[in-house]
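Here is the structure we will look at, set down as structure tokens.
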Ligand SMILES: Nc1ncnc2c1ncn2[C@@H]1O[C@H](COP(=O)(O)OP(=O)(O)O)[C@@H](O)[C@H]1O
Ligand SMILES: [Mg+2]
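Protein chains in written order, with this note's numbering: chain A, 1 to 276; chain B, 1001 to 1282.
So, in structure tokens, the structure goes:
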């Protein structure tokens, strides 16, 4: 099956004082090509660790990971051993290169691959359009607002045409209104490009609204506690986002998950400094 | 009228004029041109008056007229086989050479130290040891090694600049935000490309700050070195003049040193604003 395969993944951080943190224990899942997975969980439950391992930036203590790509019939399974342009990333903020213009940031991936300047320029123009930044190509990135900067980050990632897009709280630093708009953009990009996406967020609402699948992770050791399959993202493509978010089903699930995470947080607070 | 007062710094302008709390608000304290002008004029008048009324012995502190006359004379006739501009030129030449070699060696060394554990381990003791030693302490050694010729002074200035540049480049590398490096690798950049397009531009602001510091130190060092051993240069001019008790030439030399040092710093700041517009915007 095309997509991401994660098997019995465990990650232990050895601490300098001799202790260890079990950031992930025995995490397994398959993500089919074209699916959007949202990952929720209290802070410290290993979300970033999981994403960095999938990105190939961290080597897990144990477990297998691979990304299967290619057309039906001609599929190839690529084991994940290091970063690759096949797996693009969008970071929270501050990952743009401020010594490059908006257009140079977006064209960075193709340029590194040695793509022709004219082809890159054309691709950049298309992407500026896609993320709603037409005419901003020559601007410096630090002249843009936080929301626009994240649009650039999305476009930069898309420029490489990756198989899998990994996002670590990409909208976490934005104000509420900008955030809602950006959620719409992410949803549309997912639909239009058909990309496989893993989105980490600490907003239950965002996870419910964008995730076709949703993992709720629990800490100590980090693991997948609950898994949901959701339909809100599909509805959001044609429907009104406010209406969906206000629907009875949406609110019920939101409260259910909030209560679950709340309980985990309380459990952590109840046992302070256990692993330290 | 209002804008004139604002230009002179006698009236607050913009949002500052509507702030009720200004004591302790650094953004509301930008200095007052008026008082800067007052200070300069007062100093000039004081100098003029004190020499006119002979408050101080001109042997200890010359009159403005005497300094000016020496300037005009030396500017046209030269001093000790060299014209004034040649003296200034020699000092600048030594700085540029010493500073230049310091950059050429220090910047790559600092970058390498920021990127490799081995190189950091190898050079840390050396850098940390030499860094706190004032370059002037090396003058006797340097003279023994290469006499009082150009080479000794350039070597000295190299020693003054190289550690500053090494540390600036090293901390420039260290200041990178990890997510930028990760972003570059996941966008398909090779190690060399990460160095060229990410690490290096990210380190430029700190390297430039290092250059400004190194320039200042070099300027101070060259004058001191010329005071000890040289046949040309602004420091040499002062040294020779002092043995003849020509305080007017000494003061003229000091003023020239101040003006050139200040000009170099202004030039570097302009260059910085031009070349590194993203500084502090990360
Ligand atoms: N580099 C590291 N060294 C040691 N412990 C780490 C490191 N990175 C993360 N951890 C620990 O691993 C756990 C999971 O962290 P992380 O993946 O960042 O969680 P999340 O992103 O869900 O907040 C936390 O307990 C954290 O303290
Ligand atoms: Mg995190």
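For every residue, glycine included, the Cβ atom is placed at its ideal position computed from N, Cα and C.
Is residue 43 (chain A) near ligand 2, judged by its Cβ being under 8 Å from some heavy atom?
Yes, the Cβ of residue 43 (chain A) comes within 8 Å of a heavy atom of ligand 2.
Let me know the secondary structure DSSP gives residue 12 (chain A) once reduced to three states.
Residue 12 (chain A) falls in the strand class under three-state DSSP.
Between residue 113 (chain A) and chain B, is there a C-beta pair that is closer than 9 Å?
Judged by the 9 Å Cβ criterion, residue 113 (chain A) is in contact with chain B.
Contact set for residue 1070 (chain B): own chain, Cβ-Cβ below 7 Å, skip 5 residues either direction
Non-local beta-carbon contacts of residue 1070 (chain B) in its own chain, meaning distances under 7 Å to residues more than five positions away in sequence, involve 1248, 1249, 1252 in chain order.
Counting contacts by CB-CB distance shorter than 9 Å, is residue 60 (chain A) in contact with chain B?
It does not; no Cβ of chain B falls within 9 Å.
Suppose you measure from the CA of residue 228 (chain A) to the CA of residue 143 (chain A); what does that come to, to the nearest Å?
Distance from the CA of residue 228 (chain A) to the CA of residue 143 (chain A), rounded to the nearest whole angstrom, comes to 40 Å.
At what residues does the alpha helix (DSSP H) containing residue 1199 (chain B) begin and finish?
Residue 1199 (chain B) -> no alpha helix (DSSP H), and no H or E assigned at all.
Reduced DSSP secondary structure (H/G/I, E/B, other) of residue 184 (chain A)
Residue state for residue 184 (chain A) is assigned as helix, using DSSP reduced to three classes.
Residues of the stretch 48-76 of chain A with Cβ closer than 9 Å to any Cβ of chain B, in chain order
Answer in chain order: 52, 55, 56, 57.
Distance between residue 147 (chain A) and residue 1047 (chain B) (C-alpha atoms, nearest Å)
Per the coordinates, the alpha-carbon of residue 1047 (chain B) lies some 59 Å from the alpha-carbon of residue 147 (chain A).
Is any heavy atom in ligand 1 found nearer than 8 Å to the beta carbon of residue 167 (chain A)?
No; taking the cut-off as 8 Å, the Cβ of residue 167 (chain A) has no heavy atom of ligand 1 nearer than that.
Quick check: the stretch 1132-1149 of chain B against the stretch 37-53 of chain A, are there 3 or more CB pairs under 8 Å?
Verdict: no, contact absent.
Residue 1135 (chain B) Cβ short of 8 Å to ligand 1 heavy atom set
Incorrect: residue 1135 (chain B) has no Cβ contact closer than 8 Å to ligand 1.
Would a C-beta distance cut-off of 9 Å place residue 1240 (chain B) and residue 1223 (chain B) closer than the cut-off?
The Cβ atoms of residue 1240 (chain B) and residue 1223 (chain B) do not sit closer than 9 Å to each other.
Would residue 31 (chain A) pass as a contact of residue 6 (chain A) if the rule is Cβ separation under 9 Å?
Less than 9 Å divides the Cβ of residue 31 (chain A) from the Cβ of residue 6 (chain A).
Which residues in chain A have a C-beta closer than 8 Å to the C-beta of residue 1179 (chain B)? List them in chain order.
Ordered by position in chain A, the residues that pass the 8 Å Cβ test against residue 1179 (chain B) are 91, 92, 94, 95.
Residue nearest to residue 1116 (chain B) in terms of C-alpha spacing, selected from B:1173, B:1010, B:1067
Of the candidates B:1173, B:1010, B:1067, the one whose C-alpha sits nearest the C-alpha of residue 1116 (chain B) is B:1173.
Along the stretch 226-250 of chain A, what residues have a CB closer than 7 Å to any CB found in chain B?
None of the residues of the stretch 226-250 of chain A has a beta carbon lying less than 7 Å from any beta carbon of chain B.
Nearest residue (CA-CA) to residue 984 (chain B), options A:9, A:80, A:257, A:108:
Only positions 1001 to 1282 of chain B appear in the structure, and residue 984 (chain B) is not among them; the question remains open.
Residue 1207 (chain B) CB to nearest heavy atom of ligand 2 below 8 Å:
Between ligand 2 and the CB of residue 1207 (chain B), the shortest heavy atom gap is not smaller than 8 Å.
Do residue 1092 (chain B) and residue 1266 (chain B) have their beta-carbon atoms positioned less than 9 Å apart in this structure?
In terms of Cβ geometry, residue 1266 (chain B) and residue 1092 (chain B) do not form a close pair [threshold 9 Å].
Residue 1276 (chain B): beta carbon under 8 Å from a heavy atom of ligand 2?
Residue 1276 (chain B) Cβ: outside cutoff for every heavy atom of ligand 2.
Rounded to a whole number of angstroms, what is the C-alpha to C-alpha distance between residue 200 (chain A) and residue 65 (chain A)?
Using only the alpha carbons, I get a separation of about 18 Å.
How close, in whole Å, do the beta carbons of residue 166 (chain A) and residue 87 (chain A) come, if the pair is a contact with beta carbons under 8 Å?
Sure, about 6 Å apart at Cβ, within 8 Å.
For the stretch 1141-1160 of chain B against the stretch 1092-1112 of chain B, do three or more pairs of beta-carbon atoms, one drawn from each stretch, fall closer than 8 Å, so that the two count as touching?
Yes, the stretch 1141-1160 of chain B is in contact with the stretch 1092-1112 of chain B.
Taking any Cβ of chain B, which residues in the stretch 128-145 of chain A have a Cβ under 8 Å from it, in chain order?
Against chain B - using a Cβ distance shorter than 8 Å - the residues of the stretch 128-145 of chain A are 140, 142.
Kindly list, in the order they appear in chain B, the residues whose Cβ is closer than 7 Å to that of residue 98 (chain A).
Chain-order list of chain B residues neighbouring residue 98 (chain A): 1278, 1281, 1282, by C-beta distance under 7 Å.
Answer with yes or no whether the minimum CB distance from residue 84 (chain A) to chain B is below 9 Å.
Using a CB distance cut-off of 9 Å, residue 84 (chain A) counts as an interface residue toward chain B.
What is the C-beta distance between residue 27 (chain A) and residue 223 (chain A), in whole angstroms, given that I count them as a contact (C-beta under 8 Å)?
Residue 223 (chain A) and residue 27 (chain A) do touch by the CB rule: their CB atoms are close to 6 Å apart, below 8 Å.
Between residue 1266 (chain B) and chain A, is the shortest Cβ-Cβ distance under 9 Å, so that the two count as touching?
No - not a single Cβ of chain A is within 9 Å of the one on residue 1266 (chain B).
Closer than 8 Å: is that where the CB of residue 950 (chain B) sits relative to any heavy atom of ligand 1?
Residue 950 (chain B) lies beyond the residue range present for chain B, which begins at 1001 and ends at 1282; the question has no answer from this structure.
Going along the chain, which residues of its own chain have a beta-carbon closer than 7 Å to the beta-carbon of residue 1219 (chain B), five neighbours each way excluded?
By the criterion of a C-beta distance shorter than 7 Å, residue 1219 (chain B) is surrounded in its chain by 1095, 1261, 1264, once the five residues flanking it on both sides are discounted.
Three or more C-beta pairs under 8 Å: does that hold for the stretch 1113-1127 of chain B against the stretch 1208-1216 of chain B?
For the pair of segments examined, the stretch 1113-1127 of chain B was found not to touch the stretch 1208-1216 of chain B: the number of CB pairs separated by less than 8 Å stays below three.
For the 8 Å Cβ check, are there 3 or more pairs between the stretch 205-215 of chain A and the stretch 129-142 of chain A?
Contact annotation: the stretch 205-215 of chain A does not touch the stretch 129-142 of chain A, with fewer than three C-beta pairs closer than 8 Å.
For residue 172 (chain A), which residues in chain B fall below 7 Å Cβ to Cβ?
Near residue 172 (chain A) there are no residues of chain B at all, since even the closest Cβ is about 13 Å away, more than 7 Å.
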